[in-house]
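Asker: Numbering-wise, the working numbering puts 138 at position 58 of the sequence shown, and it's gapless, one number per residue.
No residue lacks a Cβ here, since even glycine has one placed at the ideal position from N, Cα and C.
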Amino acid sequence: MDGDDTRRLLRRIDDYVAGLFAPPDEALGAALRESEREGLPSINVSATEGKLLQMLVEISGTRRILEIGTLGGYSAIHFARALPDGGTVLSLELDEHHAEVARRNVEGAGLSGKVEVRVGDARRSLERLVEDGEGPFDLIFIDADKEGYPEYLDWSLRLSRPGTLILGDNAIREGSVIDPDDPTSHAVREFNEKLAEEPRLSAIVLPLIRDRIDGLAIARVTE
Ligand code: SAH
Ligand code: DHB
Ligand code: MG
Numbered sequence: 081m082d083g084d085d086t087r088r089l090l091r092r093i094d095d096y097v098a099g100l101f102a103p104p105d106e107a108l109g110a111a112l113r114e115s116e117r118e119g120l121p122s123i124n125v126s127a128t129e130g131k132l133l134q135m136l137v138e139i140s141g142t143r144r145i146l147e148i149g150t151l152g153g154y155s156a157i158h159f160a161r162a163l164p165d166g167g168t169v170l171s172l173e174l175d176e177h178h179a180e181v182a183r184r185n186v187e188g189a190g191l192s193g194k195v196e197v198r199v200g201d202a203r204r205s206l207e208r209l210v211e212d213g214e215g216p217f218d219l220i221f222i223d224a225d226k227e228g229y230p231e232y233l234d235w236s237l238r239l240s241r242p243g244t245l246i247l248g249d250n251a252i253r254e255g256s257v258i259d260p261d262d263p264t265s266h267a268v269r270e271f272n273e274k275l276a277e278e279p280r281l282s283a284i285v286l287p288l289i290r291d292r293i294d295g296l297a298i299a300r301v302t303e
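#1: Looking at the unbroken beta strand (DSSP E) that takes in G295, where does it start and where does it end?
#2: Since S115 is in the alpha helix (DSSP H), which residue starts that stretch and which ends it?
#3: For the beta strand (DSSP E) that V287 lies in, which residues bound it at each end?
#4: Counting only the same chain and skipping the five closest in sequence on each side, list residues whose C-beta sits under 6 Å from that of R241.
#5: Would A202 and L174 be called neighbours here (beta carbons separated by less than 9 Å)?
#6: Comparing the CB of I252 with every heavy atom of the ligand DHB, is any distance shorter than 8 Å?
#7: With a threshold of 9 Å between beta-carbons, can T142 be considered close to chain D, or not?
#8: Going by DSSP, what residues sit across from G167 in a beta bridge?
#9: Terminal residues of the continuous alpha helix (DSSP H) containing F62?
#10: Can you tell me which of V195, V181, A110 puts its alpha carbon nearest to the alpha carbon of G166?
#11: Rounded to whole angstroms, what's the CA-CA distance from E214 to V285? Just pull it up for me.
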């Protein structure tokens, strides 16, 4: 099999799983179309990863979610739908335009009551959350600029309690995390190493496929 065949096969497998477990949905489809119309990049989680995120919320009994990197709200809609009554998502986003589109998409999905999008550099927003004693969160999803991952992990630990789940999207990046000289993935590589070494965490990186191979880091705060 050449590279194109492999990509096609990966796509077909992911489509197969999505067809069974994450079938097309009006609000999610509308959110993606609106995001595209507004010129946002197509770097949201996949439908299958969205379903996995929902299951992690449900399994962990999560009520308070912190998301770092909103984009058009596609993952936030997944999260909000998995929450019990009274559950909330606070999502941090640098780009005012992304945040506006996300708020509209969340509204369109009937979830405005559960999702707050806060604009600003996540580093600063996270510092404020710690200062204001807004933690702990039950689940934290890291999915903003990859350079920031090691720092976002440090802030996340400060906003956690024993049992909190810390998740990191794009933990494999088509295998580039394996290459110690790849400048685009060094921070994610460092993030994965921190997850492995941090004594307060029990963690794994789960490879995931779409057209390319990527992965989701899943860490549980143990103490
Ligand atoms: N979680 C989204 C995808 C997020 S894409 C989903 O799956 O639907 C990454 C987002 O992080 C982009 O919208 C980008 O603007 C935002 N971002 C980049 N740097 C950031 C920073 N320093 N602080 C907050 N958000 C940032
Ligand atoms: C890319 C994918 C992502 O999921 C993300 O959060 C950022 C970038 C990408 O494919 O470039
Ligand atoms: Mg991502």
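Answerer: Checking against the coordinates, here is how it stands:
#1: Here the beta strand (DSSP E) through G295 covers 293–301.
#2: S115 -> alpha helix (DSSP H) spans 106–117.
#3: For the record, residue 287 in the displayed sequence is Pro; it is not Val. Here the beta strand (DSSP E) through P287 covers 281–289.
#4: Around R241: P216.
#5: In terms of Cβ geometry, A202 and L174 form a close pair [threshold 9 Å].
#6: Taking 8 Å as the cut-off, the C-beta of I252 does not count as close to any heavy atom of the ligand DHB.
#7: Protein chains in the displayed structure number just one, and chain D is not present.
#8: For G167, DSSP assigns no beta-bridge partner whatsoever.
#9: Look at the range of the chain in this structure, 81 to 303, and you will see that residue 62 is not part of it.
#10: Taking only the C-alpha atoms, the option nearest G166 is V195.
#11: Going by the C-alpha atoms only, they are around 28 Å apart.
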